[in-house]
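Note that our numbering gives residue 24 to position 24 of the sequence shown, counting from 1, and the numbers run on in steps of one. Cβ atoms here follow ideal geometry from the backbone N, Cα and C, with glycine treated the same way.
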Amino acid sequence: ILRGAQIMGADYEWTHHAPMARAAGVSQEKIDALKDWKTSQLYSPEERAVLRLAEEITHGPGASEGAIKEARAYFSESDIVELVLTSSFYACVGRVLHSLDVPLEK
1 ILRGAQIMGA
11 DYEWTHHAPM
21 ARAAGVSQEK
31 IDALKDWKTS
41 QLYSPEERAV
51 LRLAEEITHG
61 PGASEGAIKE
71 ARAYFSESDI
81 VELVLTSSFY
91 ACVGRVLHSL
101 DVPLEK
């Protein structure tokens, strides 16, 4: 969710989900390194597979065969469906927020 928000410049999504990520145990250091996840040593191979999938889906039109193949090395088919659906949903949310110019609550 955060990588998709970052790619799309969806401040609303970022502002709401960064605290949730921290509450779920994601370190601020990892959040800060998200833009450079491909070269950061903070991310595991599994996390890199998820980030690749999310990034490709967010940029569109969808995840490549290579990204799906990489994800299959770590995740079940049902997990991959969930990852694809989640990434796709939040890419949609970011586009809706931009299109409707939804303001961030104060």
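Host alpha helix (DSSP H) of residue i (start-end)
| i | result |
| --- | --- |
| K30 | Q28 to D32 |
| Q6 | L2 to M8 |
| Y12 | D11 to A23 |
| V50 | P45 to H59 |
Among the options, the one whose alpha carbon lies nearest that of residue i
| i | options | result |
| --- | --- | --- |
| K30 | I80, G9, L2 and S99 | L2 |
| E46 | K35, G62, A10 and A67 | A67 |
| A49 | D32, P61 and S76 | S76 |
| K38 | R22, E55, P19 and E105 | E55 |
| V84 | I57, R95, R22 and L104 | I57 |
| G4 | D101, S64 and C92 | C92 |
8 Å contact criterion, which residue i and residue j should meet: CB distance rounded
| i | j | result |
| --- | --- | --- |
| A71 | L53 | 6 Å |
Chain C within 9 Å of residue i, Cβ atoms only
| i | result |
| --- | --- |
| K106 | Although the question refers to chain C, the structure presented lacks it and comprises just one protein chain. |
With 16 other Cβ atoms within 10 Å as the buried cut-off, status of residue i
| i | result |
| --- | --- |
| L97 | buried |
| S44 | exposed |
| Q6 | buried |
| T15 | exposed |
| S99 | exposed |
| L104 | exposed |
Exercise for the section: List in chain order: all unbroken alpha helix (DSSP H) runs of 4+ residues lying wholly within the segment 61-96. Expected result: 65-72
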